[in-house]
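To start, the structure under review is shown below, and the notes come after it.
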Amino acid sequence: SFTVRSKEDGTMDSSDSKPWFDHMVVPKTKAQRIILLTAAGLNIFVLSIAFITVGLLLGGSLVQAQGYRSYPPRGRFVTVSGSKGQTTEVMIWCTGPLSATQPTIVFDIGGGGHSSSDLYGLQFALNDAGRRVCTYDYPGCGWSGPSIDVTQPQILDQLMAAINEPPPYA
622 SFTVRSKEDG
632 TMDSSDSKPW
642 FDHMVVPKTK
652 AQRIILLTAA
662 GLNIFVLSIA
672 FITVGLLLGG
682 SLVQAQGYRS
692 YPPRGRFVTV
702 SGSKGQTTEV
712 MIWCTGPLSA
722 TQPTIVFDIG
732 GGGHSSSDLY
742 GLQFALNDAG
752 RRVCTYDYPG
762 CGWSGPSIDV
772 TQPQILDQLM
782 AAINEPPPYA
């Protein structure tokens with residue numbers, strides 16, 4: 622029920638001098654025109670959403686990469702082993718004076734925290750009070766690598782041994 626515009630003899634030629642729109646499918650009724658225009662509008666809408674989404678994803682990646690370059694992580698990365706042989710990098714940062722009488726305070730970030738930088742203010746305040754503080758990002762959080770099958774005590778033992786931080790810990 623659609624007609625195709627073509628040459629008078631019924632053939633279509635790619636070398637024809639007619640404009641491209643002269644060979645388009647032309648609906649015969651108003652309902653067909655509405656359907657065709659709705660489908661075309663929907664296609665444009667879906668493509669627009671796709672382009673906007675890709676643009677936002679690329680823009681977000683660029684902004685995040687610039688943030689990592691502008692604000693590198695404080696501390697160092699330590700390789701931690703999981704119970705199934707997996708390994709990941711965990712970022713830890715210790716500041717303040719070592720004390721023979723007071724334990725080192727250890728904060729782990731995970732379960733809702735973004736990174737150890739969430740606690741920098743508290744870490745510096747405790748340092749000002751003469752306390753040694755270590756903060757680390759739990760695997761899968763902040764600057765640390767992907768999550769692996771490892772418990773918090775296993776992570777703490779491996780981290781403190783790798784950076785030669787003497788016990789006790791609080």
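Residue numbers for the sequence shown follow my numbering, beginning at 622 and rising by one.
Idealized CB from N, CA, C, for every residue including glycine.
Which residue comes first and which comes last in the alpha helix (DSSP H) that contains residue i?
i	result
TYR741	741-749
ASP778	773-783
So who's on the other strand from residue i, going by DSSP bridges?
i	result
SER710	The sequence given here has Glu at residue 710, not Ser. Looking at the DSSP assignment, GLU710 forms a beta bridge with THR700.
TYR759	Looking at the DSSP assignment, TYR759 forms no beta bridge with any residue, so it has no partner.
ASP729	TYR757
To the nearest angstrom, how far is the alpha carbon of residue i from that of residue j?
i	j	result
GLY717	VAL699	20 Å
ASP784	LEU677	It is worth fixing the name first, because residue 784 is Ile in this sequence and not Asp. Approximately 40 Å, taken between the alpha carbons.
GLU786	LYS705	26 Å
ASP758	ASP729	6 Å
GLY766	GLY662	44 Å
THR674	ALA660	21 Å
ASN664	LEU679	23 Å
ILE776	ALA671	42 Å
PHE623	ILE655	Per-residue confidence for PHE623 stands at a pLDDT of 49, beneath the threshold of 50, marking its modelled position as unreliable; no derived number is given.
Count the other C-beta atoms from every protein chain shown that fall within 10 angstroms of the C-beta of residue i, then say buried if there are 16 or more, exposed otherwise.
i	result
TYR692	exposed
PRO760	buried
LEU780	buried
VAL684	exposed
GLN687	exposed
Between the options, which has its C-alpha nearest residue i's C-alpha?
i	options	result
PRO694	TRP714, LEU740, ALA746, THR708	TRP714
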